[in-house]
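Just so it is clear: in the sequence shown, position 243 is 248 by the working numbering, and no numbers are missing.
The structure under discussion appears below in the form of C-alpha cells.
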Amino acid sequence: CDSLSLSVDVDMMEPHSSPTEELESLQLCDRAGTESADSGIGDVDDLPVPQQIRISNITCDSFKISWDMESRGRERITHYFIDLNKKENKKENKFKHKVSPCKDSGWRDRNQQNCPPLVFQDVPTKLVAKAVPLPMTVRGHWFLSPRTEYTVAVQTAAKRLDGDYAVSQWSEIVEFCTADYSTVHLNQLLQKAEAITGRMLPFTVFYRNQQQEYFQQASPSYRSRDAQCRRMLPAVVKDNSGSHGSPISGKLEGVFFSCNTEFNTGKPPQDSPYGPYRFQIQADLLFNHNTNVYFGDFYCMYTSYHYVILVLAPDSSKGDVFCKGRLPALDRSNNRFLTCAEEEDGSLSFHHARDVILEVIYTEPVDLSSGTVTRISGHQLMSQSTVNAKKDPSCKICNISVGR
C-alpha cells in the first residue's frame, strides 16, 4: 500500500498549540496481508482506550473526531490509529502489524538466538495520526465520499524507540454519514459546466416523453421516474442519477422536462430514451418572471454527452424554499444554460445551451390540460436514459476534487 501525507486541522484547545498537524502516514489498502512500515503491537494494557467517540462538523469530505480517555498512561500516547470503513463493506481492510513474540511476551534472550520469528497480526488500521489536541479534523477526498455511511473506531498508540508501536484496545465502533455537496462544491461544478455549454439556441416548448400508459392510466402499479400520472404530472422525489453528492437527489420534488432542440430544425428531437409519447407545453407557462432558476448538477455517464440539471421553481414555492441556500441561483435572463428574456413587444424569448443536454426539474405539479400529448415518429433510445444513472468518476470534465 502507498503511504500518503494528510493534513489534519486541529481546534485550538491549548495555548500556543499548532493549528495544523500532519498524519504521519495514511495507509489505504483493499486487501489483507499488507505490511505497514515497522508497526508492532505490545503493552496494550498501559494505554487508555478511547471512549465516547464523538463525530461532528461533518462535510462531504471531512469530519471532526474527539473522544474521552482516562488519565492513566495518557502522557505516553504519541499516535492515534483510526479505523475508517464504509458501512456497506462486509470485509474490513486490514493491515499487518509486525509483532515480536519475544518482546511482547516479556521474554528476553540476550542473543535472541531462541526467539521465534516475527509474526504479523491483522489490525484494521487505516489512518495513523500524530497525537494532537482534540477534536481534530480528518479530511481527504480520496477516501471519503459524500452521502456515504461510515464506521469508525480508534485506538491510542505509543511509538517505541525501535519504531514499533504499543497500542490500546480498540474503542467501540460508531457510525456517521457524510454530507451533500456544499454550495462551494456546486459552484465548482457550475464553473466546469459553463466551460462547455457552447452557443445558445432558441426554443419555445418544454417536453417530456413516457410510455402511453403514463398519460392514460391511473393505475398505482404503473410507475416511472416521476410515479404514475393522474390528470396531473405530479412533483415527486428526484432519483439518484448524477453526482453522488448532489443535494437534490432523493430530496427535491419535481417533474422532469427537456428543452433541447435540433440545431438544424429548431424543434425537439424525434427520438427519446423514455418513450414514444410526448407531453409538450409552452415554455412561458413554466418559465417566466415569477420563476427562479438554480443549478443542480453536472455529470456524464461514461460517454461524451454531458448533462446539466437545472431547477425551475416558482417564487416562494416549496421547491424554491428548498433550493435557496442549497443550490447556486442563476440569473434568469443571463446565464450559460437556460434563459428567459423579455422582448421589446413584451413577449418572452427562450434559449438553451447547445452543447450540453439539459434536464429541467419543475418543482410544482403540471396540469396535463395545459399542454398536448402526441406520439413521436422516432425511436426509443434506451441507452441514453439517465434514470438512476451513475456518474463517471474518472471524467476530468465534470468532476471536482471532492468525493464523486
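Cβ coordinates follow ideal geometry from the N, Cα and C atoms, glycine included.
Hey, would you say residue i sits closer than 8 angstroms to residue j, going by beta carbons?
i    : j    : result
F68  : V143 : yes
C264 : Y299 : no
N157 : H84  : First, the residue type needs correcting, since residue 157 is Val and not Asn in the sequence shown. Not in contact: V157 and H84 (Cβ atoms no closer than 8 angstroms).
F268 : E364 : no
K396 : Y304 : yes
H249 : V407 : no
S251 : A394 : no
What are the residues that DSSP puts in a beta bridge with residue i?
i    : result
Q285 : Y212, T377
P319 : T296
C182 : E154
Y307 : Looking at the DSSP assignment, Y307 forms no beta bridge with any residue, so it has no partner.
M237 : D372
M205 : A358
R59  : S71
V245 : Rather than Val, the amino acid found at residue 245 in this sequence is Asn. BP columns for N245 are empty, so no partner.
V260 : Y367
E1   : Residue 1 falls outside the range modelled here, since the chain spans only 6 to 409, and no answer is possible.
V172 : A162
V313 : F303, L363
K395 : G247
K401 : Paired residue(s): none; K401 is not in a bridge.
A334 : Y299
K91  : Y155
Apart from the five residues on each side of it in sequence, which residues of its chain come closer than 6 angstroms, Cβ to Cβ, to residue i?
i    : result
N62  : K69
S374 : none
A318 : N297, G324, D325, C328, T368
I253 : K243, G301
G376 : F284, Q285, I286
Q275 : I381, S382, G383
Y212 : S263, P273, R283, Q285
T64  : A184
A162 : H84, F86, Y170, V172
G111 : Caution is warranted here: a pLDDT of 43 is assigned to G111, below 50, making its placement in the model unreliable, and the coordinate value is therefore given only provisionally. Counting only Cβ-Cβ distances below 6 angstroms, and skipping sequence neighbours, we find nothing.
D167 : none
Looking at the C-beta of residue i, does it have a partner C-beta in chain C at a distance below 8 angstroms?
i    : result
K164 : This model lacks chain C altogether; it includes just one protein chain.
By alpha-carbon positions, which one of the options ends up nearest to residue i?
i    : options                : result
A184 : T344, I60, S375        : I60
D302 : H311, E177, T209       : H311
E258 : N214, L315, A334, I366 : I366
G280 : S382, N297, V242       : S382
S150 : E177, L89, I178, T188  : L89
V241 : I314, V371, D73, K272  : V371
I402 : I82, Y170, A200        : A200
D66  : D51, S187, Q196        : S187
S354 : A288, Q215, E180       : A288
S176 : M74, T64, F211         : M74
S321 : L343, T308, F342, H294 : H294
M237 : V407, V378, A394, E93  : V378
T344 : D336, G351, D350       : D336
S71  : V313, P140, I362, Y212 : P140
V172 : R79, I58, Y307, E348   : R79
K164 : D51, G351, T308        : D51
M306 : P138, T64, F148, C400  : C400
F292 : V316, T270, T308       : V316
V313 : I362, G351, L166, I178 : I362
Could you pull out every residue in the same chain whose Cβ sits closer than 7 angstroms to the Cβ of residue i, ignoring the five residues on either side in sequence?
i    : result
G203 : A358, R359, D360
N192 : P333
A136 : I82, T83, H84, Y85
R1   : Any question about residue 1 goes unanswered here, given that the chain covers just 6 to 409.
S226 : Below a pLDDT of 50, predicted positions are generally treated as unreliable, and S226, at 40, falls in that range; the measurement from the model is reported next regardless. Excluding residues within five positions, none has a Cβ falling inside 7 angstroms.
Q221 : none
Q215 : S229, Y279, G280, Y282
R341 : E199, T202, A358
N404 : P398
Q2   : Absent from the structure is residue 2, since the part of the chain shown begins at 6 and ends at 409.
S338 : T344, C345, A346
L290 : S375
My assumption, with CB atoms under 8 angstroms, is that residue i sits in contact with residue j. Please give the rounded CB distance.
i    : j    : result
L206 : T266 : 6 angstroms
E180 : K92  : 6 angstroms
C182 : T153 : 7 angstroms
Closer than 7 angstroms: is that where the CB of residue i sits relative to any heavy atom of the ligand ZN?
i   : result
P53 : Of ligands this structure carries none, so the ligand ZN is not represented either.
Beta-carbon within less than 8 angstroms of residue i's beta-carbon, same chain only, minus the 5 sequence neighbours each way: which residues are those?
i    : result
K272 : T266
G330 : T188
E348 : S354
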